[in-house]
Each structure stands twice: as C-alpha cells, then as structure tokens.
Amino acid sequence: MSEAPELRDPKVVAALVGEIAATAAPMDRQVVLMEVCGTHTHAVAGAGLRAMLPEGVRLISGPGCPVCVTPVDYLDRALALADLPDTTVCTFGDLMRVPSSLSSLERAHAEGSPIEIVYSPRDALDLARANPARRVIFLGVGFETTAPTIAAAIAEAEAAGVDNFLILPGNKVMPPPMRSLVEDQELKVDGFLLPGHVSVLTGWECFRFLAEDYRVPGAVVGFSPADIMRGVADLLHQVADGRAEISNLYSRVVSSEGNPVAADLVARFFEPVATVWRGFGEIPGSGLGLRPDFAHRDAGLIDVELPPPHEPTGCACGDVLRGVIDPPECPLFAVACRPDSPVGACMVSSEGTCAAWYRHERLTGTGR
Amino acid sequence: MRKKTPQRLLLGHGSGGRLTHELVEGTFLPALNNPILASLTDAAVLPELPPGRPALTTDGFVVDPPVFPGGNLGELSVCGTVNDLAVAGARPLWLTWGLILEEGADGELIAACADGTASAAAEAGVQIVAGDTKVVPRGKGDRIYAVTAGLGVVPPGREISDARIEAGDVVIASGPLGDHGATIMAARHRLDAGALQSDCAPLNGLIESVFAAGIDIHSMHDPTRGGVLTVCNEVAERSGKRLILSETEIPVRPQVRAVCEVLGLEVLGLACEGRVLAWVPGEQAEAALEAFRNHPQGAEAAIFARVEDTAEGAVPVVMETEVGSTRPLDMLSGTDLPRIC
Chain A
1 MSEAPELRDP KVVAALVGEI AATAAPMDRQ VVLMEVCGTH THAVAGAGLR
51 AMLPEGVRLI SGPGCPVCVT PVDYLDRALA LADLPDTTVC TFGDLMRVPS
101 SLSSLERAHA EGSPIEIVYS PRDALDLARA NPARRVIFLG VGFETTAPTI
151 AAAIAEAEAA GVDNFLILPG NKVMPPPMRS LVEDQELKVD GFLLPGHVSV
201 LTGWECFRFL AEDYRVPGAV VGFSPADIMR GVADLLHQVA DGRAEISNLY
251 SRVVSSEGNP VAADLVARFF EPVATVWRGF GEIPGSGLGL RPDFAHRDAG
301 LIDVELPPPH EPTGCACGDV LRGVIDPPEC PLFAVACRPD SPVGACMVSS
351 EGTCAAWYRH ERLTGTGR
Chain B
1 MRKKTPQRLL LGHGSGGRLT HELVEGTFLP ALNNPILASL TDAAVLPELP
51 PGRPALTTDG FVVDPPVFPG GNLGELSVCG TVNDLAVAGA RPLWLTWGLI
101 LEEGADGELI AACADGTASA AAEAGVQIVA GDTKVVPRGK GDRIYAVTAG
151 LGVVPPGREI SDARIEAGDV VIASGPLGDH GATIMAARHR LDAGALQSDC
201 APLNGLIESV FAAGIDIHSM HDPTRGGVLT VCNEVAERSG KRLILSETEI
251 PVRPQVRAVC EVLGLEVLGL ACEGRVLAWV PGEQAEAALE AFRNHPQGAE
301 AAIFARVEDT AEGAVPVVME TEVGSTRPLD MLSGTDLPRI C
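Protein sequences appear in the order of chains A and B.
Going letter by letter, the first sequence gives residues 1 to 368 in the working numbering.
Going letter by letter, the second sequence gives residues 1 to 341 in the working numbering.
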C-alpha cells in the first residue's frame, strides 16, 4: 500500500489516544460518536481501536454496511427474478448469505438457481454479452461508491446495444439516513466519523447540514488507525469546545465538491427515490432509482410474485444499525446468530457491525 | 520423450481401451517414468518400508485456474500431498495420482500438469507409483482434477503432535504467508499482481534440514485451506493453549496485502502451498529460526507468535495489533475462496 507509514505508527496512535483521554477526562458525561461507514467498522475492529478509547468515549456503528441495510424484500425480488426463465442474476458476494424471507441467494444457488458472484457490474455486462439469449440482472446495491461503476456499465451497455443487461436498483445515498439519525429522539450522537470513500465521490459539503442544521460535528476521515483516532480526537475537541463543524481530515483524497465526472455519470442514469433501509424504514430521497428513459434496464419493473416479507424473529439488526444497541445486547448475538449461520444481515458481511464484533471484539469486553 | 499427446481429451481416453492406453503411454509414462509405475500392474508392489511408523494421506485438487503463476495443478497435487506427510514428521516416499479429466480438455494442459507432477516429485524425492485416468462428459467437470494418496514413514523417535505444544513455545512461519491464495485470486480476477507467484513447493527438504539441525519441533502444520486463521484456531483448541500473534511480525508481501485489499479478502485466511508453521521450544527459538533461514526455502522465515497457558474464558487466539491493541482471531466463516487448492 502506498499509505504513509506514520498512519500505522503505534507511537502516533498512542499520542492520539493520550490526547483523546486528556480531552475526555474533564467532561462530566459520556460522549457518543458514530461511524457510518462499513470500512470504518471493519478498520476499528481490525486494529482493536475501541479497546484503546477511554471510558468516557463510546464509539458506535451506524448504517454503513450496504448489505446490512438492504431490506428483505429486495432479496425476495432478486430470488424471484432468478426463477424466471432464461435469466441469470449477478451479485456481489456479500449479498449471497443474507437471509431473505424464505431462503437466501446462497441456498437458491445450491438448489440450482442461476446466480453468479461477480466482483464488478462490468463482469455482469460481460456475461450478458457472452449470453445474448439470456437476461442478465445485476443486483445494484451499495452506496455512492458503487453507483458510478454501475452507471458506467449501463453507459457501456447503452453504447454497445447490449439489451439483455438489466439492473435491480438498490443503491442508497448516505446523507438522508444521517438526518434521520440526528433527529432520532432515542439516540444521542455527539459527533460523526464521516465516510472517507463516499466523500471522495460526493465531497464533504453534503454533510454540512449536520453542523449547520443540527449543531452536530463531523469529521471526514480515512481508514488507517491514526486517521480514525485523529477523527475521534477532533470530534472530542469540538464537543468540549461546544463547536459544530465539518472537519475534512482526509484532504489527501477528499475535496469539498467531490468527483463531478462520477456525479454526472450517476445523474445521467439515476435519480433520487424514496427507499427502505433495514432498521429505519422508508427514507425520502435516500435511494437511487433508474430514470424512466432507462426503464428497459430496470429489473424492478418486471412483474414477479413475492412472498410476504418476513424479518427473522428476535433479530435486532434494526436497533444495531441505528446505533441504539451494541451487538451483544441482541439476544440472538453469538447464540442463534453467528457468521456461519447468520439470522440478520449485520452478521453476514465482514463490514457488518455484528460480524465485526463477533470476529474481533467478542469476549474481550470492549466497546461496552 | 513424450511420444504423443492428444489435442483434445475424448470420452474414449477414459474408456480403458486403446485411447486410454495411448494417453498413458504417450503422456503420463514419459513424464513420470519409474520402474514401479512402468510395470502397469493392477497394484504397485512396493519395497519394504524403512524403520518407523507409516504415515498415509489423501488429497483432492480442483484448483481454478489449473495453471497459475508459479505452478500448475500437477505440481500442486504433489506438493500438497508431500507437505501433508512432511508436517506430520514423515519422510514421504510414494504417491498415487488419479486424474478426472473433462471431455474436451486441452491435451497440452494435461501434459503440462503431468510435467509439473514429475518435476515436483523429483524435487521432493518421491515416486508416483500408481495412477488412474477417468474422463467425464463435458460440463460434468472442470478440465482437470487430481486425487492423490501419499505414503511416508515417521522415523523412530520423532513425535510431532499438538499435544506436545507448551507455554513458552514460539511459532515460526517458513516464509511470507498467502502467496498462493493471493496468486490464485488475482489470476481468477485478472488482477495484475506484478511478480507475485504461488509458493507451491515441497517442504520435506526444508523440514528435514531443521530436524538435522537438532531442533525439537513440537508440532507443525501447513496452512492450506483456511490459512493461518484456521490452523491457529485448530491448534489452540487441540492443544488447550493460547496463541498470541504479533501483527507486525507476520510475514506478508505487500502485493498479497494489495490483492486482499482489492478483493476484500482476509490475509490470514489465504492458503499457502509451500509454507510450514512450526511450534518450537522457546529456548530453541533463535536456533530454529536460523535453521529455517539456512535452507533456501526458509530464507524469509519469521517468528510471529508465542504460546501461553490459557485461562478460564480467555480468547484462544489473539492478535496484538500493529497499533498496540489486541483483538481475537477467529476462523473464517462460510467461503469467499472457493476452490483454491
């Protein structure tokens, strides 16, 4: 990796931990910070950062794992599409093991459904080209980061006239659920670690409303241990000083306005729509739907019969995704719900909060 | 010299008739030739075993792609089998080699795998003494699969067992971890991984040289499927001891980290096909490391973990992270690496 070595230097991290402890010590209450990016969840757990924070600082995970926030009826629809004649469904691997109402893509695949794991929408497009007699449907999930690659594949399909390449739109955008989080009465978030990768695309300006409308500070940070701890320190200083600003601590790759080429590409094919987030319900403007001009590529418009949506009993993924509880507070955690037999989506992806806790923080008693 | 290799495999090449005969005579015997195999009898009748306890292993090989930077399925089948014997403390002697080929498979691929098998067997000092060839209809297999058995002997007085692992032992990796798994995944996804190639190699020479240096190896494992994560968790469970890994000491090439980053894989879950993890007494730590490094295959060996007594409720395998924190290490769940060996 080309990352600067000081970003992983234990001395740099130790100094930041000291700064965090010194800032938190005089505060008379616990400060709750939330990261809203699955890669941050993974990085925090992987380096054991939560265990390094003082008692007075609680770092919780938000809805940053795209697989986890994908509602069950999206999977039901994907499975129904895979049952149609001459149809192949292509998906990112993460989605395979997420339980649907009655099954999962993984189980359907084992039963013979034509479901293919791909690493990019481009692979699905190649499959469509190679199989002109089949309809190839790509399950378009993810946040702002995957949308441009999906848009690029559609652009290529349009230009080359690959008519059998379709998308089941499921992409989401980050700012609207964050508005829901700061308006949530049950939850008190004092500051946000803002998603670095998303911000590369969107720029950091789109998070300004947090500070301006709600007086909640935010820090855009990268993914090394020092990046994340620097973000925590920045947010604590802001809370201690009574400030609310959006700090860009990832300026080596994040600008204020983001990547306009990618944004234009996405806007050519997609438009904001209301969409359902697991744990949040429907949030206006939080999804990306295909524009009517590209209805011929919208697999969501294909009429299929769906089972009544069924969320697993007892699963607290919704509360975990909103940061209301930590995974061990879910009665199913590490008992009925484990990475090899996930009940809820948060236990599936390595970016899922429950999976990260199970793998890295179970038994250590960290994170409170 | 190879007399004749078919351009494409036909169902008839597995029928037991003339085409099978031609395939064996024209492709396999010239590569693998030795007197026991050349007798083409129903069973290989072997010389008497040297003193010690016989060790027997079996393995199947379905790697996709079958030819990859640093090796092919044939080489892999010998290395995998030899290494399973070697990490049990056995000296490998004889292997069987059964092939399941797909109708329409490229004859040159089959010949290349036979050559790989021959060269790996020569390097390991073992003989392929029995073989079998079946051809399945197109679409019922994927070009070439191999199934092996391997027979070796654990010399008298040698005891390799997880039960011998003690608190104070250190764990040595014979070289950088994950090269094979990362190479396969990069090849499968057409990623440019630079000069990265599989670590596929027989380990018996290296291991014997460490024994010869007087190192009292307590236990050994080759981190194939499931990688270091699986080996460490299984060993912790079987030995009843705790393992503490040091993230900064784990030898991993930057290209391997990069492949993992791009494909979202766990570095320590990647397979190796030419690396051994050895548990050695703490007082022999430096001598053991030197013994490994004195062999060309162990030049990049490193001590990356230590063994402690476990306590009630303690996490069995723990990583000290590079920034000075700790986290538990669990086995991989499910599969994001189908068919890597």
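Every residue, glycine too, gets a C-beta built ideally from N, C-alpha and C.
- R8(A) counts as buried, since no fewer than 16 other beta carbons sit within 10 angstroms of its beta carbon.
- Listed in chain order, the non-local C-beta contacts of S101(A) below 6 angstroms within the same chain comprise V72, D76, P307, P309 and H310, local neighbours out to five positions each way being set aside.
- Around the Cβ of G194(B), a 10 Å sphere holds fewer than 16 other Cβ atoms; the residue is exposed.
- Taking 8 angstroms as the upper bound for CB-CB distance, V280(B) and A288(B) are in contact here, some 4 angstroms apart.
- Across the region 44-64 of chain A, CB contacts with chain B closer than 9 angstroms involve A45, G46, A47, G48, L49, R50, A51 and M52, in sequence order along the chain.
- Distance check between F192(A) and each of L181(A), E186(A), Q185(A) and L201(A) places L181(A) closest, using alpha-carbon atoms only.
- The beta carbon of A130(B) sits closer than 6 angstroms to the beta carbons of A44 and T96 from its chain, once the five residues preceding and following it are set aside; these are given in chain order.
- In terms of CA proximity to G80(B), G150(B) leads the group V256(B), A112(B), G150(B) and M319(B).
- Buried is the label assigned to E266(B), since at least 16 other Cβ atoms lie within 10 Å of its Cβ.
- From the beta-carbon of S325(B), the residues of chain A found nearer than 8 angstroms are A47, G48, L49, A51 and M52.
- Here E205(A) is actually not in contact with S251(A); their C-beta atoms are around 13 angstroms apart, not less than 8 angstroms.
- Neighbours of L245(B) in chain A, taken as residues whose beta carbon is under 9 angstroms from its own, are absent, since the nearest beta carbon is some 12 angstroms off.
- Residue range F270 to W277 is occupied by the beta strand (DSSP E) that includes A274(A).
- Residues of the region 4-17 of chain B whose Cβ lies closer than 9 angstroms to any Cβ of chain A: none.
- By the criterion of at least three beta-carbon pairs nearer than 8 angstroms, the region 329-346 of chain A is not in contact with the region 22-33 of chain A.
- Along the region 64-86 of chain B, there is no position whose C-beta sits under 9 angstroms from a C-beta of chain A.
- Comparing alpha-carbon positions, the option among E208(B), L243(B) and G139(B) lying closest to P296(B) turns out to be E208(B).
- Closest by C-alpha distance to D163(A), out of L59(A), R134(A), T149(A) and F270(A), is R134(A).
- A residue is called buried once 16 or more other Cβ atoms fall within 10 Å of its Cβ, and T145(A) is buried on that count.
- Among the CB atoms of chain B, none fall inside 8 angstroms of the CB of Y250(A).
- In the DSSP assignment, L99(B) falls within the unbroken beta strand (DSSP E) covering R91 to E102.
- Under the 10 Å beta carbon count, A114(B) is surrounded by 16 or more other beta carbons and is classified as buried.
- In the structure shown, W279(B) adopts extended strand secondary structure according to DSSP, grouped into three states.
- By the 16-neighbour rule on beta-carbons within 10 angstroms, T248(B) is exposed.
- Under the rule that a run must span 3 or more residues, the beta strand (DSSP E) segments found entirely inside the region 16-67 of chain B read 53-61.
- The three-state secondary structure of Y119(A), taken from DSSP, is coil.
- When beta bridges are read from the DSSP output, G150(B) appears opposite T57(B) and L95(B).
- Taking C-beta separations shorter than 7 angstroms and ignoring five residues to either side along the sequence, the partners of V262(B) in its chain run L191, following chain order.
- Not a single C-beta of chain B is nearer than 8 angstroms to the C-beta of A356(A).
- By DSSP's assignment, Q127(B) forms a beta bridge with W94(B).
- Relative to V57(A), the option among A233(A), A151(A) and V335(A) whose CA is nearest is A233(A).
- Around M52(A), the same chain offers V17 as residues with beta carbons nearer than 7 angstroms, after the five sequence neighbours per side are excluded.
- Scanning chain B for C-beta atoms nearer than 9 angstroms to the C-beta of R122(A) yields nothing, as the closest lies near 11 angstroms away.
- Annotation note: the region 194-225 of chain A contains the following uninterrupted beta strand (DSSP E) runs of length 3 or greater, listed N- to C-terminal: 218-220.
- Assigned with DSSP and collapsed to three states, I110(B) falls in helix.
- Secondary structure at G142(A): strand, using DSSP grouped into helix, strand and coil.
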